[in-house]
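K.L.:
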Amino acid sequence: WGSCNLAKPQLLAPRAAMLQLLAHTFLLGFYTPPNAITDPDYIIAGGGGAGCAVAGMLAKAGKKVVVLEEGPEDDTAHDSVLGEIVPYNLAPQQNTFFQFAASDITRNMFSEPVWEYDRDINGSGFISEKHNVMLNLLGQLPEGWQRKSFEHTAKIVGGNTMHNYQIWIRPGRESLAMFGEGEDWNIDELEAELETVEEEYLKLPPGFTFNNTFVNQALLGKPYGPESKILAAAIKGGAQAVEYGRNMAAVAHENNIGVAGFTEFTRNSIYTERISSARAFLTPEIRALPNIEVRALSKVTKLIVDENKKCTGVEYTSYDGTPRKLYAGKDVILSMGSIDSPHMMMLSGIGPRDELEKFDIPVVHELPGVGKNLDNHLLIPMFLGSDISETGGQCAAGCAGLNLGYKYSSYATPGGDPDMQYISIAYTDQPEYGRTVYEYYLSRQLGGKSRGEIRLKSADPNDFPELYMGYYEGEGAEDIEVIKENIERFRTDVLAHTDEFYEIGPGEGTDLDYWVKRTAGSYWHWSGTCKMGPASDSLAVVDSKLRVHGISNLRIVDASIQPYVANVNTQSPAILIGYHAATIILKDDP
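In mature numbering (1 follows the signal peptide of the UniProt record, and there is no 0), the protein residues as written are -36 to -1, 1 to 554.
1) Would Glu37 and Ala260 qualify as a contact pair, given that the criterion is a beta-carbon distance under 7 Å?
2) Compute the Euclidean distance between the alpha carbons of Gly136 and Pro287, then round it to the nearest angstrom.
3) Starting from Gly13 and walking both ways along the alpha helix (DSSP H), at which residues does that stretch end?
4) By the 10 Å Cβ neighbour count, where 16 or more other Cβ atoms means buried, how is Lys421 classified, buried or exposed?
5) Between Gly471 and Ser305, what straight-line distance do the alpha-carbon atoms span, to the nearest angstrom?
6) Put Asp3 into one of helix, strand or coil per three-state DSSP.
7) Using 8 Å as the threshold, is the region 246 to 254 in touch with the region 277 to 297, meaning 3 or more CB pairs across them?
8) Buried or exposed: where does Tyr370 fall if 16 or more other Cβ atoms within 10 Å of its Cβ makes it buried?
9) Is Ile447 closer than 7 Å to Leu298 when the C-beta atoms are compared?
10) Starting from Glu320, follow its DSSP beta bridges and name the residues at the other end.
11) Can you give the Cα-Cα distance for Arg408 and Tyr386, rounded to whole angstroms?
12) Please confirm if the region 525 to 541 is in contact with the region 331 to 342, defined as three or more CB-CB distances below 8 Å between the two stretches.
13) Under a three-way DSSP split, which group does Tyr537 fall into?
14) What residues in its chain sit with their C-beta under 7 Å from that of Ser508, if we drop five residues either side in the sequence?
15) For Gly349 and Gly333, what's the separation of their Cα atoms in angstroms?
16) Pick helix, strand or coil for Val179, following the three-state DSSP scheme.
17) So, for Glu449: in the same chain, excluding its five sequence neighbours on each side, which residues have a beta-carbon less than 6 Å away from its beta-carbon?
18) Please state the DSSP three-state secondary structure of Phe428.
19) Which two residues bound the contiguous alpha helix (DSSP H) that contains Arg415?
20) Classify Tyr386 as helix, strand or coil using the three-state DSSP reduction.
21) Over what stretch of residues does the alpha helix (DSSP H) that includes Tyr478 continue unbroken?
22) State the beta-bridge partners of Asp295 as determined by DSSP.
23) If you check the beta carbons only, do Lys28 and Pro4 fall under 7 Å apart?
24) Which residues does DSSP list as the beta-bridge partners of Tyr280?
25) At the level of alpha carbons, what is the spacing between Leu140 and Tyr487?
26) Please classify Arg317 as buried or exposed, where buried requires at least 16 other C-beta atoms within 10 Å of its C-beta.
27) For the alpha helix (DSSP H) that contains Leu154, what are its first and last residues?
28) Quick check: the region 153 to 160 against the region 536 to 544, are there 3 or more CB pairs under 8 Å?
29) Report buried or exposed for Trp132, applying the criterion of at least 16 other Cβ atoms within 10 angstroms of its Cβ.
30) Out of curiosity, what's the CA-to-CA distance linking Gly277 and Val328?
31) Label Tyr435 either buried or exposed according to how many other C-beta atoms from any shown protein chain fall within 10 Å of its C-beta, with 16 as the threshold for buried.
32) In the DSSP output, what is His341 paired with across the bridge?
33) I need the DSSP call for Gly315, collapsed to helix, strand or coil.
34) Starting from Lys274, follow its DSSP beta bridges and name the residues at the other end.
35) Under a three-way DSSP split, which group does Arg511 fall into?
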């Protein structure tokens, strides 16, 4: 049960519920949910970051809600700080990858509950797992190693908010503008809702004044590790030192500066306990209501759509493997994420005709944009050598100095949000190689041109979809130029102002085109595959009320509805989408 602390009463109720579940399941051999709802108003298919938010808000408003989540409930995951989630989320990337050939890494090597998806890296072979590059720097790759881009996501109540790095940054106004500025998605209203989420659900202290802050130190605890030497170097190079907890995009706009600044990054945790979407919105008080039921270990396999193209319910497999059906009195809300939401749509006969017919899936409604427009942030590393031997506070051994920076590239929109993010993740001691490697990552956060798509592997809901990432293809070649520019900027604006770090990779004289192509890795920020837009947009899947074009009583509520990935880590946009979706739905169903 992790580090159960009796001084934290907020942890006891969920754990008591888990004990009750285990008692029923293992001692009695069956489990009947305490709130067995047979006639819900709303079915939420997927209990991730957005799904938990919309479910909790609808239940709070008195609506009957059933959440179906394929993964388990595991409150102990809230006890995990950054280093402790490595076995959950990053083992093949950060640790295990040094010991096994990529061809040997399968889903079975991930600590459950995590999915790893099949992916096609364009057939070009230039996308590699980032640590292959480090091994190349430290010696030749072992025979049999392959280059891959790992794409995986969480399978648990709370979704990726249970397994991620907990980085919480508000999206800038340019990102929020992608939703349009009409009645349904007003930027000022969205910013106010973000404040509400932070204060009322992530539990900022009473009386805290935001003043353009996002999540402050009182909520998040102290930053990991010692003061970062990189921060000092960045400031010497002209970056603005941003007060911990300040919204860097807002700072940039306020001061009309060319760089948004560097800071320790902020996380949605309190007293070392992560505040996931499940904990924030499905509180013990909400879970005790008679009008909400969360059915974990329940895999949705198909949307039920009648002859009038009305979505009436879902087919799913319950925890004991029994096929079941559940019908919604009002709407089915698909909230399975940017990979699985379009996958479920296509399995149910809603999507591009050619993709459906390829696997003999009856076409219920042709909707060409389903699964298209796959957007993601790419991480490109710079490896720095250092004689610093610190490890950071609560971070796992071998990890320190976590910090975050934003800059404007020459490709950024004038007056818009910063488009480049710099983030340090790991400080890795490799004594067997006689050196220390500090990893710093660059990402084009806004305006990226690379686009991919989600494809069916079969008509079987138990088969993962295929991810065709489309990195750097076509117009995406511009992304290479942006990253190259910012590698040079990092050298001149940061490394030139410190004697405590030296560049190992890419290194002066290295072909940066080659480096950017070869070392790119996923930031796991998929978006855009069920794009919001008018019916006149051939790629649009949902309208401004999140209703699927051409199918009544079906909405999509997750990061897939973003027309493009926001300029921040996608936790905050996903939770905002879930929260705001509830306000839209409740306007239609007061």
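Don't be surprised by glycine CBs; every beta carbon is placed ideally from N, CA and C.
P.N.:
If we stick to the structure as given:
1) As a position in the sequence shown, residue 37 is number 73, starting the count at 1. As a position in the sequence shown, residue 260 is number 296, starting the count at 1. Yes, they are a contact pair.
2) In the sequence shown, the residue the question calls residue 136 occupies position 172. In the sequence shown, the residue the question calls residue 287 occupies position 323. Their Cα atoms are separated by approximately 44 Å.
3) Counting from one through the sequence shown, the residue named residue 13 turns up at place 49. Element bounds for Gly13: Gly13 to Lys24.
4) One-based indexing of the sequence shown puts residue 421 at position 457. When all chains shown are included, Lys421 counts as exposed.
5) Taking the first residue of the sequence shown as 1, we reach residue 471 at position 507. Taking the first residue of the sequence shown as 1, we reach residue 305 at position 341. Cα-Cα distance, rounded: 41 Å.
6) Counted from its first residue, the sequence shown places residue 3 at position 39. Here Asp3 sits in coil by DSSP.
7) no
8) Here residue 370 refers to the residue found at position 406 when the sequence shown is read from its first residue. Answer is buried; the Cβ neighbour count reaches 16.
9) Translated into the one-based positions of the sequence shown, residue 298 becomes position 334. Translated into the one-based positions of the sequence shown, residue 447 becomes position 483. For Leu298 and Ile447, no; Cβs fall outside 7 Å.
10) For the purposes of this step, residue 320 is taken as the residue at position 356 of the sequence shown. As written in the sequence, residue 320 is Leu, which differs from the Glu given in the question. Paired residues: none, contrary to the question.
11) Within the sequence shown, numbered from 1, the residue matching residue 408 stands at position 444. Within the sequence shown, numbered from 1, the residue matching residue 386 stands at position 422. Their backbone Cα atoms lie some 9 Å apart in a straight line.
12) yes
13) Taking the sequence shown and counting its residues from 1, one reaches residue 537 at position 573. The amino acid at residue 537 is misidentified as Tyr; the sequence shows Pro. Correct three-state label for Pro537: helix.
14) For the purposes of this step, residue 508 is identified with residue 544 of the sequence shown, where counting begins at 1. These residues qualify, in order along the chain: Gly144, Gly146, Asp148, Trp149 and Met496.
15) Working through the sequence shown from its first residue, we reach residue 349 at position 385. Working through the sequence shown from its first residue, we reach residue 333 at position 369. For Gly349 and Gly333, the distance between alpha carbons rounds to 45 Å.
16) Counting from 1 along the sequence shown, the entry for residue 179 is found at position 215. Residue confidence for Val179 is low, a pLDDT of 29 falling below 50, so the modelled location carries little weight; the figure read from the coordinates is stated next. DSSP places Val179 in coil when its eight states are reduced to three.
17) Within the sequence shown, the letter at position 485 stands for residue 449. Cβ neighbours of Glu449 beyond the five flanking positions: Ser373.
18) The residue given as residue 428 occupies position 464 in the sequence shown. In the structure shown, Phe428 sits in coil (DSSP, three-state: anything other than H, G, I, E or B).
19) Position 451 of the sequence shown, counted from the first residue, corresponds to residue 415. Neither: Arg415 is in no alpha helix (DSSP H) and is coded neither H nor E.
20) For the purposes of this step, residue 386 is taken as the residue at position 422 of the sequence shown. Residue state, collapsed to three classes: strand.
21) Looking up residue 478 in the sequence shown gives position 514. Its alpha helix (DSSP H) spans residues Leu476 to Thr483.
22) In the sequence shown, counting from the first residue as 1, residue 295 sits at position 331. DSSP lists Tyr6 as partners of Asp295.
23) Locating residue 28 in the sequence shown gives position 64, counting from the first residue. Locating residue 4 in the sequence shown gives position 40, counting from the first residue. A contact, by the Cβ cut-off of 7 Å.
24) In the sequence shown, counting from the first residue as 1, residue 280 sits at position 316. DSSP output for Tyr280 lists Val264 and Arg288 as bridge partner(s).
25) Counting from one through the sequence shown, the residue named residue 140 turns up at place 176. Counting from one through the sequence shown, the residue named residue 487 turns up at place 523. Whole-angstrom Cα-Cα distance: 20 Å.
26) For the purposes of this step, residue 317 is taken as the residue at position 353 of the sequence shown. Counting Cβ neighbours within 10 Å, Arg317 comes out exposed, since fewer than 16 surround it.
27) The residue you call residue 154 lines up with position 190 of the sequence shown. Leu154 -> alpha helix (DSSP H) spans Ile151 to Thr160.
28) yes
29) What you label residue 132 is simply residue 168 of the sequence shown in a count that begins at 1. Classification for Trp132: buried.
30) Counting from 1 along the sequence shown, the entry for residue 277 is found at position 313. Counting from 1 along the sequence shown, the entry for residue 328 is found at position 364. Taking the straight line joining both Cα atoms gives about 15 Å.
31) By 1-based counting over the sequence shown, the position of residue 435 is 471. Buried, by the Cβ-count rule.
32) Numbered from 1 along the sequence shown, position 377 holds the residue referred to as residue 341. Answer is none; His341 lacks a bridge partner.
33) Counting from 1 along the sequence shown, the entry for residue 315 is found at position 351. In this structure, Gly315 counts as strand in the three-state DSSP scheme.
34) If you number the sequence shown from 1, residue 274 lands on position 310. According to DSSP, Lys274 bridges with Ser516.
35) Here residue 511 refers to the residue found at position 547 of the sequence shown. Of the three classes helix, strand and coil, the one that applies to Arg511 here is strand, per DSSP.
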